[in-house]
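Numbering (the working numbering), first residue to last: -10 to 703. Everything on this sheet refers to the single structure shown next.
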Amino acid sequence: MSLRQNLLNPAQQAHQAHTSAQKAAQMDWLNDLPAGGLSAAQTLNWLHGWSEMGWLRRLDSALAAQLLRLQPDAPPALLVAAAVLAQMEGRGHTCLSVNDLLTPPVTLLAWPADAVHGPQGLLALWAHLPADRAGWLAALRAALACLRDASAPDAGQPLVLGGAADAPLLYLRRYRAYEERVGKTLLQRAQSAVDVPTAQAREWLDRFFVNVPSTGASPEEATDWQKLACAVALRARLSVITGGPGTGKTYTAARLLALLLALHEGVSPLRVALAAPTGKAAARLKQSIDGSLQALKAQANEQDNEQAGATLDLDTLIQRIGAARTLHSLLGARPDTRQFQYHAAHLLDVDVLIVDEASMVHLEMMDALLQALPPTARLVLLGDKDQLASVEAGAVLGDVCRDAAQGGYTDDTLRFAQEVAGQTLAACFHASAAPALPALAQQTVMLRKSRRFDGPIGQLALAVNAGDAAQVQQAFALPGKALTAWQPESPQAVCDLATGQGARAIGGASYADYLTCVNTPPMAGDLAAHEAWVKQVLKSFDRFRILCAVHQGEWGTAALNAAVQKALADAGWLQPQGEWFTGRPVMVTRNDTQLGVFNGDVGVVLPNLHKVPKAWFLDGEQLRSVSVARLAHAETAFVMTVHKSQGSEFEHTALVLPPGAAELLSRELVYTGITRAREKFTLIEAQEGLLHAAIARPSVRVSGLRQWWGGAER
């Protein structure tokens, strides 16, 4: 035994011995490779070795093993393609481009150097695989028990080969089915013409949108995009409204609802539903819609427009809409099954459905939603196309809105925009300037003027979105305290920010704000005062949030949550005795329809009037509480991932970029983190250059969805 091994403890020695034996075993079968190339069994061993090393998931190599059992003479190329496909599905892609397999997919997989260049690495395996598309397609099509061509009858094969001849796409069977249904249904809805009373619609739109853009402005500023979005939404069963924070998506949706109410001719009242992927986003949607409708009513009164106010009866509309719900709640999620209560054979009872934060809706959920929606109902999708997509596979909004900035409107659309909305679009938004845009472009409108992000935060978000590193640097150099960037040596800087020590130096909210409220409860027995106190705590907690890119490691959510909790306790703000201590922020991690809580809901543990700890949540101005004894799936939420923060806004947002996770950092992640901040944004780089590396990596999800409405596959 070597001196170094003597210095290791028994556990370390055992781990080292296991790793050495593992690598030796891998090398043994690599040395026994026949001159004729890999067999299917040897290929499977190779893939299992990658799973053992953590480069693939065990699920990925298990799929290859299942295919080999299904067809013992399966070509090695099929097993490799299946394992890579499963890996990419886990990263949010709905399919795998066969063209990406013609050379070793180094960039696609973003593995460490030893996984690429080592003797058991990516390059070594690819030396035994086909070198051109014809070879790959021949190998895939030889496995008839495992794979079918999309044009062939479905015999239940696990894999499907689709796409164009020069851009073939490999799918897991169910994702091919999702894409086909979603693609065809979206196209059908976008092309479902609805008769529009042009003169009446124009009259109402002129009443709702009284601010006319100034003449001589840029093409973007010369158009009232909100007014145009309302008009376009009238003429089909699908409309898509995209735009960054502060561009007025829900403001526009509220006026669209008022317009639909004004034009509604049915005997039955207009049935409206509001939904979003998370509880927080749903609550914000309802609050925004109600506020916008109240503002519209006030506008009518200020204009002395008695006809508009009396005819629309906006108060009744607000009451009739009801609470916004999560998509899971809307569709009737049931425990222990992927099936929903509402589906193609049991449709939702709704005339208009507005879905906010649609960028978070993954392919499977969009399929379920479209199947459950009556063919005559209107679907309005709201979302920021530049935000992170769902952690699940698919980026439907991103596919629909990929070319939204170009417009690409046909002569029919341009004529309709002029007649109904009084909008004459500049030539750069005509189809002649972008003739290849898909049919859904005619029902998609991008809002371009932010009324909230004109300052440094907005400039930073635009620079990140454009991938302009120089502009990003200039934004952080702007005067004022809206933007701050740190490169601390340790996570202690995050704790200082959370406790208010760093915040006092740089300005901005911290967790000291809500804990001040927590530690000043009202007099016992006063129900109204208690409810007011709980609301104040929850609203104060939402002033500040720390966002991360990863869960694990010292810069991940798990370690930082523990560190922040300890720092707050050491500073005297908290007394974390037991799991459910007063002041603990919690985030629900699993839907529970019986409790009325959903994945992503954030609340704070506080005592009720009888000193019993409860987890309290705030939906708009509506309080709800859950017994902590029944809240089985929740975690501490001082720090949360950027993905989980979508649909939320905070006065002060701090974004932590961790070292050693380059494959997880992207332009969309940074943009989403920045746009969670209303007044102040703090960037914490654990290593110099992480920000620039992230904005240089736009995330691209492989998808064939656009082929169903005339666009090119990604």
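Yeah, the Cβ is synthetic: ideal placement off N, Cα and C, and Gly gets one too. For clarity, every value in this text was computed on a predicted model and none was experimentally measured.
DSSP places Y331 outside any beta strand (DSSP E), giving it a letter other than H or E. Per DSSP, A498 lies in no beta strand (DSSP E) and is assigned neither H nor E.
D62 carries a coil assignment under DSSP once its states are collapsed to helix, strand and coil. Contact between the stretch 609 to 619 and the stretch 644 to 657 is absent: fewer than 3 CB-CB pairs across the two stretches fall below 8 Å. Residues of the same chain with a CB within less than 6 Å of the CB of G321, apart from the 5 flanking positions on each side, are F329, Q330 and Y331 in chain order. Take the alpha-carbon of A188 and the one of L282: they are about 23 Å apart. Secondary structure of Q407 (DSSP, three-state): helix.
The shortest C-alpha to C-alpha distance from L194 to any of A487, E168, A247 and A153 is the one to A247. In the assembly as shown, Q583 is an exposed residue. Its beta-carbon has fewer than 16 other beta-carbons within 10 Å.
A271 and G383 have their C-alpha atoms roughly 21 Å apart.
By the neighbour-count definition (other C-beta atoms within 10 Å, threshold 16), R178 is a buried residue. Straight across, the Cα-Cα distance linking L118 with L68 is about 11 Å. Taking a cut-off of 8 Å for Cβ pairs, the stretch 95 to 108 and the stretch 162 to 181 do not touch, as fewer than three such pairs fall below it.
Here the C-alpha atom of F530 lies approximately 33 Å from the C-alpha atom of D325.
Annotation: the continuous beta strand (DSSP E) that includes K603 extends over P602 to D608.
With respect to the 8 Å criterion, L161 and G151 are not classified as neighbours on the basis of their beta carbons.
The DSSP assignment places complete alpha helix (DSSP H) segments of no fewer than 4 residues inside the stretch 236 to 290 at 238 to 252, in order along the chain. With 16 or more other Cβ atoms from the protein chains shown falling within 10 Å of its own Cβ, A220 counts as buried. Counting other Cβ atoms within 10 Å of its Cβ, G592 reaches 16 or more and is therefore classed as buried.
Remark: three or more beta-carbon pairs, one from each stretch, lie closer than 8 Å, so the stretch 257 to 271 and the stretch 338 to 352 are flagged as touching. Within 10 angstroms of the beta-carbon of G172 lie 16 or more other beta-carbons, which makes it buried. Residues of the same chain with a CB within less than 7 Å of the CB of P445, apart from the 5 flanking positions on each side, are A464, L467, G469, A471 and L472 in chain order.
Per DSSP, reduced to three states, the secondary structure at F197 is helical. For the pair of segments examined, the stretch 558 to 571 was found not to touch the stretch 674 to 690: the number of CB pairs separated by less than 8 Å stays below three.
A distance below 8 Å separates the beta carbons of A420 and T399.
P427 is positioned such that its CB atom lies no closer than 8 Å to that of W214. P596 sits in a strand when the DSSP states are folded into three classes.
Using a C-beta cut-off of 8 Å, the stretch 131 to 149 makes contact with the stretch 49 to 62, since at least three inter-stretch Cβ pairs fall below that distance.
Going by DSSP, L114 is part of the alpha helix (DSSP H) stretching over L111 to W115.
DSSP links R137 through a beta bridge to V149. Excluding its 5 nearest sequence neighbours in each direction, H519 has C-beta neighbours in its own chain below 7 Å: P511 and L598, listed in chain order.
8 Å or more divides the Cβ of G235 from the Cβ of M435. Secondary structure at E668: strand, using DSSP grouped into helix, strand and coil. The straight-line gap separating the alpha-carbon atoms of L136 and Q146 is approximately 5 Å. Two segments are said to touch when three or more pairs of C-beta atoms, one from each, lie closer than 8 Å; by this definition the stretch 569 to 581 touches the stretch 624 to 640. Distance between L451 and T305, taken at the CA atoms: about 39 Å.
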